[in-house]
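As they're listed, the protein sequences go chains A and B. Just so you know, numbering that gives the first Met the number 0 puts 77 at position 78 of the first sequence, and the rest follows in order with no gaps. Just so you know, numbering that gives the first Met the number 0 puts 59 at position 60 of the second sequence, and the rest follows in order with no gaps. Heads up, the beta-carbon is just placed ideally off N, CA and C, and yes, glycines get one too. As the structure is a prediction and not an experimental result, all values here were calculated from the model. Working notes for the structure below.
Number of protein chains: 2
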Amino acid sequence: MKTPAALTEQFRSQGLKITPQRVAVFDALHDNPTHPTAESVHSAVVARMPTVSLRTVYQTLNDLAEMGEISRLEVGTGSARFDPNVEEPHHHLVCESCGMVRDLHVEVAPDLGDDVPDGFEVAGAELVVRGRCRSCADKD
Amino acid sequence: MKTPAALTEQFRSQGLKITPQRVAVFDALHDNPTHPTAESVHSAVVARMPTVSLRTVYQTLNDLAEMGEISRLEVGTGSARFDPNVEEPHHHLVCESCGMVRDLHVEVAPDLGDDVPDGFEVAGAELVVRGRCRSCADKD
DNA sequence: TTTATTTCTAACAATGGTTGCAGATTGGGT
DNA sequence: ACCCAATCTGCAACCATTGTTAGAAATAAA
């Protein structure tokens, strides 16, 4: 994801308006490595601007995802996770117990070639490694 | 997943009852490569036994998943998909346009080692390859 | 700066997938 | 055949997310 300042410029250049709600979402995502849910982005935003609705947060997250500035992950933790790191290709580590998601910088390089059916247009591949994080494992 | 007959035996040996509803679900899943949703399992079951409720199908799918006889996938198509193939490790190919899910027999072999944090207990890894299947690509 | 235009936001309702619950039903051991 | 625990159905509730709409607010135009 670009910096909030760069996003502001980009939105403006596309005829989109710069609202304090949008800027608050940009800020909440910037350099955020936690792969937040819409709900947690909303919490962060509300801490500064108590009137922002969850609907607006969803809207902005969808807009950013559509522009390719963030990516939306479905990792089976119930709600979608949003990842501002679209610059560096990477995968994810998920704790099935607490829902923590962490970047995983691992080369997958699957030799897809032979088992992809003819005519299938591959758009991308995501690896999700599941397990239990240390603090959850320590709990019992 | 074991055969319906073997599952029947297994259920019985665990003190669980063999109901026609459960058998219908076993049959609907047996050798089913489509990664059905709960809804489509229900449709198949209802074709033979019109009174079976969706709730019971969910219940049985959850039971089977808990026993490790099937696995539940979240691939971002809106609803969970159930996969009776737990014998052979494999990954998945997903058409983002029609929701088709297909097995992908590809070796991923990620050298996880260095980027997994200390103390994280890895339970498994799933690769999802996304794109457009031929028939969807042909459509426009 | 004021106005006009057009987008955005908030609130609320609605949706879709899934689960919780309660009472009626039924499998299977006796 | 009887009994009891397990199961089933039907329905309500739940959660994450999206649709809708009227009012508010940002930018462009005057």
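Residue i (DSSP reduced to helix, strand or coil)
i      : result
C94/B  : strand
S78/A  : coil
L63/B  : helix
L15/B  : coil
S52/A  : coil
V24/A  : helix
D102/B : strand
T140/A : With chain A represented from 0 up to 139, any question about residue 140/A goes unanswered, as that position is not in the structure.
V85/A  : coil
V128/B : strand
E73/A  : coil
E38/B  : helix
V45/A  : helix
Cβ of residue i within 8 angstroms of any chain B Cβ
i      : result
H104/A : yes
P88/A  : no
A5/A   : no
L92/A  : yes
Chain A contact for residue i (CB, 8 angstroms cutoff)
i      : result
A64/B  : no
V40/B  : no
C132/B : yes
V107/B : yes
G75/B  : yes
A136/B : yes
L95/B  : Residue identity check: residue 95/B is Glu in the sequence provided, not Leu. Answer yes: the Cβ-Cβ gap between E95/B and chain A drops below 8 angstroms somewhere.
Residue burial classification, residue i (beta-carbon count within 10 angstroms, cutoff 16)
i      : result
R47/A  : exposed
D113/A : exposed
V121/B : exposed
I17/B  : exposed
C132/A : buried
P116/A : exposed
A27/A  : buried
P32/B  : exposed
T50/A  : exposed
C97/B  : exposed
E125/B : buried
A4/B   : exposed
T2/A   : exposed
P19/A  : exposed
D82/A  : buried
### Under 7 angstroms (Cβ pairs) to chain B, residues found in the segment 36-60 of chain A
none
### Query
Going along the segment 114-128 of chain A in order, which residues come within less than 8 angstroms of chain B, judged by CB to CB distance?
For chain B, the residues of the segment 114-128 of chain A that bring a beta carbon within less than 8 angstroms of one of its beta carbons are D114, V115, P116, D117, G118, F119, E120, V121, A122, G123, A124, E125, L126, V127, V128, in chain order.
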